[in-house]
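A short write-up of the structure that comes next.
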Amino acid sequence: SNGQKTVVFQGMQHIGSEEFYKSVVFDLEQALADGYTLFYEGVTPVDGRPDLADWFNQTLRGSKQDLSA
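Take the sequence shown: its position 1, counting from 1, is numbered 18 in my numbering, and each next residue is one higher.
As structure tokens, this is what we get:
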């Protein structure tokens with residue numbers, strides 16, 4: 018904290034149990050209720066590479082549909 022704002026990092030893992038992800042949801046909902054602003058890292062396909070976008074959507078999102086719109 019700098020005396021005016023506090024930064025809190027949420028632990029994360031790419032592969033985890035259902036209980037782990039439920040605890041993350043609980044933590045984030047509590048942070049929102051406490052007035053925190055959430056910032057998060059996103060993963061997106063490479064611009065200008067529709068072949069990679071199709072792979073990304075199917076492999077990582079589980080659908081060929083572009084869910085970023």
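Think of the CB as a built atom: it goes at the ideal place given N, C-alpha and C, for glycine as much as any other residue.
A quick note: this is a predicted structure, and the numbers were derived from the prediction, not measured.
Start-to-end residues for the alpha helix (DSSP H) that takes in residue i
| i | result |
| --- | --- |
| Leu45 | 35–50 |
Classification of residue i by the beta-carbon crowding that lies within 10 angstroms, buried from 16 upward
| i | result |
| --- | --- |
| His31 | exposed |
| Ala86 | Because Ala86 sits at a pLDDT of 49, beneath the cut-off of 50, its placement in the model cannot be relied upon, and the point is left open. |
Helix, strand or coil at residue i according to DSSP, with G and I counted as helix
| i | result |
| --- | --- |
| Asn74 | helix |
| Leu55 | coil |
| Asp68 | helix |
Close Cβ partners of residue i (< 6 Å) along its chain, the five nearest in sequence each way excluded
| i | result |
| --- | --- |
| Val41 | none |
| Gln21 | none |
For residue j and residue i, believed in contact at Cβ under 8 Å, the rounded distance
| i | j | result |
| --- | --- | --- |
| Gln27 | Asp44 | 6 Å |
| Val25 | Tyr57 | 13 Å between Cβ atoms; not a contact. |
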